[in-house]
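Structure, as structure tokens:
Chains as they are written, first to last, in this note's numbering: chain V, 1 to 346; chain G, 1001 to 1346.
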């Protein structure tokens, strides 16, 4: 049985710690690359309390003025594909190339339970001990919109702290992958050789989002199968529609144990960023991502305004009853609600 | 090479056919259960032309007043799981129990290409020839919001036409499954025995949405493996969080070839609906689905109003540049845009 007093004291000390966080103090520390401050700042933006929100907002406004351009790299793959060991081995190459690397792990709570399937930092033991690496799981509350907002803010904080390569890691669950794809410049899909046709069928939507497919675990007698899978996928990706980045999706077989393909994979990332910096896609894509995010946040704001307006809330209940009784269609109800909303802000 | 004249004449004859569709004529035919009229009506609601929209709206308003309560059943599973043969065999039992069955197949275009992975009606050869069955693939335009709207309208039309059991079939791609779950009363997930752990890991979010897991293809020497999988899943589902329907997810092994488990599966559906009709979940769930749908449609409407307002559109472009230059955060931009939007409708 957990000791209630202990828990209470932990909660109150955590609250004190959060209360003491403020933008004025954190900002210069983050610019200096202080990992503890960066970590506290991410805790601050994830906090649900409204006081912390004010501080978090102020901190973000300061940090965006830095406007450092990092390489944002999304990494996804089903559980068991070997994401952690890949990130550990791949991260080493990134550091050796002289970069500072941040790894944000997004925990895709399942739709119903909000359960977590990520482990902790110790999954990347070596990387977590390096001066130039920062690893952070992002806590989620089940609300994908909130996760997207927090993760994007965490990206900005890491950039302000001087991390020029950022991995955003997520697990193979449809919606979180699309969300991560919408906040990165480059999207890496890890796959296992021979995981079955059903799997591949299901992954097609995600495969089309990927800039590179990486076959993992091409070792321990798996080499031939992986090479066959690589060829097969390389043929398949040619059938995909062309990307606006003009990048042609490619396939690389790797082993996090033997190191096979890892340097090639990093060279590939460098080529990708060289190409999209030159052809304007890097800027254009960020603009379009921001635009999409701006709009989805705006509709979120409208909805929360409506839900906080008691008159409109009552009206929604009336409309819902009318729909239930078959008096009006949802489309008509939407129009009526929109009219009432417009009247409310006049 | 397709003959251009032929295509033109096909397009113009299709346009004429659509133009001639009107709510006044279609409505009584639908109430009479005329399948041709029902089919035309669904084509009408799927049409993108604004004239057709007016007729479609008028038809829906008429049909909802009928307010017939059907059993809406979502059916999903990865390609290869045997959905079509299952629906053929299961549908037969539904018809034999004296029901009228409509099958709406939702075609989940992939995120990027809008490609289709559904075949045509001939997948359900026997069913499509039965008087009391109606089978219809729903065309999609890649926009999930539009698909959801069309599918919900198609459900209402089928209900007005007297179909009291409706299958909404979709393929195992994350977002379309959640969308279908949000429009049905009961959610059936088809699974293969031994399709690998990776697959199961990826499906967990979807598994938690399911009311019943059906193991398919428990035949041709697969019986033992299927029974083992059934037990394994039956243990796993007990760890899932309880549902607000108070229904406990169960697992049934079936064969569309031998008929194993199919009657049991239909009995199970009857038990489910008896339970949720009694405990109020049926009504409560429909209310909450409508509420969610109402709100998401409202935000869609707000966004399209903003995009059709040239002043606001310009302002968005300015904000996007400010974000790009690091002058403001997206959160500030959202607030500014919301203010401008409110000013615009004053």
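We put the CB at the ideal spot given by N, CA and C, even for glycine.
What did DSSP end up calling residue i once you bin it into helix, strand or coil?
i, result
"residue 135 of chain V", "strand"
"residue 1252 of chain G", "strand"
"residue 214 of chain V", "strand"
"residue 1183 of chain G", "coil"
"residue 1156 of chain G", "helix"
"residue 1095 of chain G", "helix"
"residue 1260 of chain G", "coil"
"residue 1246 of chain G", "coil"
"residue 1163 of chain G", "coil"
"residue 1082 of chain G", "coil"
"residue 1231 of chain G", "helix"
"residue 1285 of chain G", "helix"
"residue 1240 of chain G", "coil"
"residue 292 of chain V", "helix"
"residue 1358 of chain G", "In this structure chain G extends from 1001 to 1346, so residue 1358 of chain G is not present and cannot be described."
"residue 1100 of chain G", "coil"
"residue 9 of chain V", "helix"
"residue 67 of chain V", "coil"
Can you say whether residue i is buried or exposed, counting buried as having 16 or more other CB atoms within 10 angstroms of its CB?
i, result
"residue 1092 of chain G", "buried"
"residue 1082 of chain G", "buried"
"residue 230 of chain V", "buried"
"residue 105 of chain V", "buried"
"residue 150 of chain V", "buried"
"residue 1037 of chain G", "buried"
"residue 1331 of chain G", "buried"
"residue 1126 of chain G", "exposed"
"residue 20 of chain V", "exposed"
"residue 153 of chain V", "buried"
"residue 334 of chain V", "buried"
"residue 297 of chain V", "buried"
"residue 217 of chain V", "buried"
"residue 321 of chain V", "exposed"
"residue 1096 of chain G", "exposed"
"residue 262 of chain V", "buried"
"residue 1077 of chain G", "buried"
"residue 1054 of chain G", "exposed"
"residue 133 of chain V", "buried"
"residue 88 of chain V", "buried"
"residue 1251 of chain G", "buried"
"residue 1290 of chain G", "buried"
"residue 171 of chain V", "buried"
"residue 159 of chain V", "buried"
"residue 9 of chain V", "exposed"
"residue 943 of chain G", "Any property of residue 943 of chain G remains undetermined from this structure, which presents chain G solely from 1001 to 1346."
"residue 1176 of chain G", "buried"
At which residues does the alpha helix (DSSP H) containing residue i begin and terminate?
i, result
"residue 355 of chain V", "The shown model of chain V, from 1 to 346, leaves out residue 355 of chain V, and the question about it has no answer."
"residue 221 of chain V", "Where residue 221 of chain V is concerned, there is no enclosing alpha helix (DSSP H), given that its DSSP letter is neither H nor E."
"residue 321 of chain V", "310-324"
"residue 1028 of chain G", "1023-1031"
"residue 1056 of chain G", "1050-1064"
"residue 36 of chain V", "35-46"
"residue 1128 of chain G", "1125-1128"
Tell me, to the nearest whole angstrom, how far the beta carbon of residue i is from that of residue j; I am working on the premise that it is less than 8 Å.
i, j, result
"residue 39 of chain V", "residue 123 of chain V", "So it is not a contact: roughly 17 Å between Cβ atoms."
"residue 1180 of chain G", "residue 1074 of chain G", "4 Å"
"residue 225 of chain V", "residue 194 of chain V", "6 Å"
"residue 210 of chain V", "residue 188 of chain V", "7 Å"
"residue 1169 of chain G", "residue 1269 of chain G", "Wrong, their Cβ atoms sit about 15 Å apart, outside the cutoff."
"residue 1100 of chain G", "residue 1164 of chain G", "6 Å"
"residue 1094 of chain G", "residue 1266 of chain G", "7 Å"
"residue 72 of chain V", "residue 166 of chain V", "5 Å"
"residue 316 of chain V", "residue 303 of chain V", "Actually they do not touch by this definition, with Cβ atoms about 11 Å apart."
"residue 191 of chain V", "residue 213 of chain V", "6 Å"
List the DSSP bridge partners of residue i.
i, result
"residue 1169 of chain G", "G:1075, G:1105"
"residue 303 of chain V", "Partner(s): none; residue 303 of chain V has no beta bridge."
"residue 1191 of chain G", "G:1215"
Could you check where the beta strand (DSSP E) with residue i kicks off and where it finishes?
i, result
"residue 1338 of chain G", "First-last for residue 1338 of chain G: 1330-1344, but that is the alpha helix (DSSP H), not the beta strand (DSSP E)."
At a threshold of 7 Å, does residue i count as lining the ligand NAP (C-beta to nearest heavy atom)?
i, result
"residue 1292 of chain G", "In terms of ligand content, the structure shown is empty, and the ligand NAP therefore cannot be addressed."
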